[in-house]
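Residue numbers (our numbering): 20 to 237.
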Ligand SMILES: *[C@@H]1O[C@H](CO)[C@@H](O)[C@H](O)[C@H]1NC(C)=O
Ligand SMILES: *[C@@H]1O[C@H](CO)[C@@H](O)[C@H](O)[C@H]1NC(C)=O
């Protein structure tokens with residue numbers, strides 16, 4: 020827990036010493052596909068409870084169609100639960116679909132889709148290079164509404180994502196590190212946005228219970 024808090028302090032101190040620059044002028048493509056390797060740590064200060072999970076997401080981002088889809092394999096090392104979840108978010112329809120073991124949960128959402136551009140209030144943390152001559156820029160983006168922040172590495176030439184670390188505001192702090200693999204412009208599998216038939220049926224109470232318990236415990 021101390022390590023986790025230390026990281027927060029370092030981020031805060033580091034930010035205040037960097038001078039803000041003008042507009043980032045960096046946008047991810049309107050449509051991209053990537054495979055994300057993720058580590059997620061959570062600390063809830065009110066409950067004094069911490070957890071750790073390892074995940075992988077096949078991610079489809081479609082700003083043109085205002086939709087996101089991802090297939091996530093999550094290994095929650097604290098709960099000892101492995102899950103396979105498909106999530107489809109349709110911003111234009113205000114719907115989020117979560118599918119676990121063929122069971123679909125539909126929720127209403129009111130949020131708008133996050134822009135693919137690095138926002139104007141981002142701060143440049145500098146540049147660095149990867150092997151094979153890839154140059155990267157690191158941007159720090161504060162979340163002024165909910166607290167927390169994210170740090171994003173992008174390729175300098177064409178603003179493609181390389182990595183992201185994000186921490187939410189408290190008291191439930193969620194810190195997620197994502198490595199972007201095989202980043203591809205466009206949507207490699209448009210069927211990822213197809214809503215399964217099971218999402219259009221009303222779930223009986225039994226099904227909802229089954230949905231909650233369908234995680235594969237080990
Ligand atoms: C892992 O499980 C814990 C305990 O149930 C939970 O609080 C936490 O949110 C889970 N982590 C993720 C990333 O789902
Ligand atoms: C990434 O691309 C390589 C080369 O096409 C492929 O072999 C590999 O399976 C891909 N990895 C993932 C996680 O999609």
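Just so you know, even glycine gets a beta-carbon here, dropped at the ideal spot from N, CA and C.
| Asked | Found |
| --- | --- |
| Identify, in the order they occur along the chain, each residue of the same chain with its Cβ nearer than 7 Å to the Cβ of residue 133, setting aside the five sequence neighbours on each side. | none |
| Specify, as a first and last residue, the run of the beta strand (DSSP E) that residue 78 falls within. | 68-81 |
| From residue 111 to residue 88, what distance separates their C-alpha atoms? | 14 Å |
| With DSSP collapsed to three states, give me the class of residue 218. | helix |
| Among 55, 187, 64 and 73, which one has its Cα closest to the Cα of residue 98? | 73 |
| Quick check on residue 212: does DSSP put it in helix, strand or coil? | helix |
| Pull up the CB-CB distance for residue 157 and residue 172, whole angstroms please, since I reckon it's below 8 Å. | 5 Å |
| Beta carbon of residue 176, beta carbon of residue 154: below 8 Å? | yes |
| I need the boundaries of the beta strand (DSSP E) containing residue 145, first residue and last residue. | 142-148 |
| Quick check: residue 121 and residue 217, are their CB atoms within less than 8 Å of each other? | yes |
| Find out if the Cβ-Cβ distance for the pair residue 271, residue 93 is shorter than 8 Å. | Since the first residue shown for the chain is 20 and the last is 237, residue 271 is missing from the structure and cannot be characterised. |
| Going by CA-CA distance only, name the one from 70, 67 and 46 that's closest to residue 80. | 46 |
| Can you tell which of 113, 207 and 135 has the C-alpha that lies nearest to the C-alpha of residue 125? | 113 |
| If you draw a straight line from the C-alpha of residue 149 to the C-alpha of residue 55, how long is it? | 18 Å |
| Anyone know if the C-beta pair for residue 192 and residue 61 falls short of 8 Å? | yes |
| For residue 62, list the residues DSSP reports as bridge partners. | 69 and 192 |
| Provide the residue(s) that pair with residue 124 in DSSP beta bridges, ordered along the chain. | 117 |
| Smallest Cα separation from residue 209: which of 43, 44 and 52? | 52 |
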